[in-house]
Amino acid sequence: MRRMRAAVLIGTFAALAMAGPALGEGITNAGDDLRTGWYPGEPSLTPELVSGGTFGQLWSAPVEGQVYAQPLLDNGTLVVATEDNKVYGLNPATGALKWSEPLDLGTPWSASDIGCGDLTPTIGVTATPVIDPATHVAYMTHKTYASGTSGAARWYMDAVSVTTGAEEPGFPVQLSGTAQNAPGQTFKPTTQLQRPVCCCWKGSSMRRSAPRATSRRGRAGCSAWPPAVL
């Protein structure tokens, strides 16, 4: 059984849990696709409140795996994805699980397979997802094995209902192929890591990837789903 790691997810003030719609196309790292860090739906967050002695942590919740992706709030649900390929839908005011169970995306990939120590011990969902506020679907990527629990890796894009925690029809989608602007360059999932956050653009969810620390030479890439946008 994997060790449960407690991630302290700070709810701050209950009134702040009901954030308004994002300014950019999607809800993602730093608020929206513009990365401004501005959350316009928090009128009660004032300097007086923060310094008044009542502002602080509301709760903490145990999750399986490290949390590198920023938790995202949409439609009254806090979405948390971990490096153990687990996705949680939590109550933003209490930290209680809202979904019937966490979504299991499969076996996370072990960083020791290529001797890379920059992110250990497992790699699952690393990049912050993006949520389409119109459909309440969270798009994210995860790393796993092509087969079993060792060997070559694969990357997948997931589309998860924020309301139910279920994978949307047609997902997950395997990420593979060659670059349109450099046909000789092929995506190599075993040595690639996606750290940059996901975003929405013209109705598609987009991701970027780059070589891991052990790759002395490599190329970064960008992909989108649906792919026709590129």
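In this text, residue positions in the sequence shown follow the working numbering: the first is 595, and each later residue adds one. Backbone N, C-alpha and C fix where the C-beta goes; we use that ideal spot for every residue, glycine too.
Let me make sure I understand the geometry here. Which of Glu762, Ala624, Glu642 and Val756 has the alpha-carbon closest to that of Pro686?
Residue 686 sits at position 92 when you count from the first residue of the sequence shown. The option with the nearest alpha carbon to Pro686 is Val756.
Tell me the residue span of the alpha helix (DSSP H) that contains Val661.
Working through the sequence shown from its first residue, we reach residue 661 at position 67. First-last for Val661: undefined, no H or E at that position.
Measuring from the CB of Leu769, is there a heavy atom of the ligand ATP at a distance below 6 Å?
Among the ligands in the structure shown, none appear at all, so the ligand ATP cannot be discussed.
So Val767 and Tyr739 are in contact, right, with Cβ under 8 Å, and what is the actual spacing, rounded?
Indexing the sequence shown from 1 puts residue 767 at position 173. Indexing the sequence shown from 1 puts residue 739 at position 145. In fact, because the Cβ distance is near 17 Å, the residues do not count as touching under 8 Å.
Please state whether DSSP places Ser704 in a helix, a strand or coil.
The count along the sequence shown starts at 1 and reaches residue 704 at position 110. Note: Ser704 maps to strand in three-state DSSP.
Assuming Ala655 contacts Leu684 under a Cβ cut-off of 8 Å, what Cβ separation, rounded to an integer in Å, is found between them?
By one-based count along the sequence shown, residue 655 stands at place 61. By one-based count along the sequence shown, residue 684 stands at place 90. Confirmed, about 6 Å.
Using only the alpha-carbon positions, how far apart do Ser645 and Pro637 sit?
Numbered from its first residue, the sequence shown carries residue 645 at position 51. Numbered from its first residue, the sequence shown carries residue 637 at position 43. Spanning the two alpha carbons is a distance of roughly 16 Å.
C-alpha distance - Ile725 paired with Pro715, whole-angstrom precision
Against the sequence shown, residue 725 aligns to sequence position 131. Against the sequence shown, residue 715 aligns to sequence position 121. Each residue's alpha carbon lies about 27 Å from the other.
Do Gly718 and Pro825 count as a contact pair if the criterion is CB distance below 7 Å?
No statement about residue 825 is possible, as the shown extent of the chain runs from 595 to 824 and does not include it.
Once you ignore the five residues that flank Gln664 on each side, which residues in its own chain have a CB closer than 7 Å to its CB?
Reading the sequence shown from its first residue, position 70 is the one you call residue 664. Once the five neighbours on either side are set aside, the close Cβ partners of Gln664 are Asn623 and Thr722.
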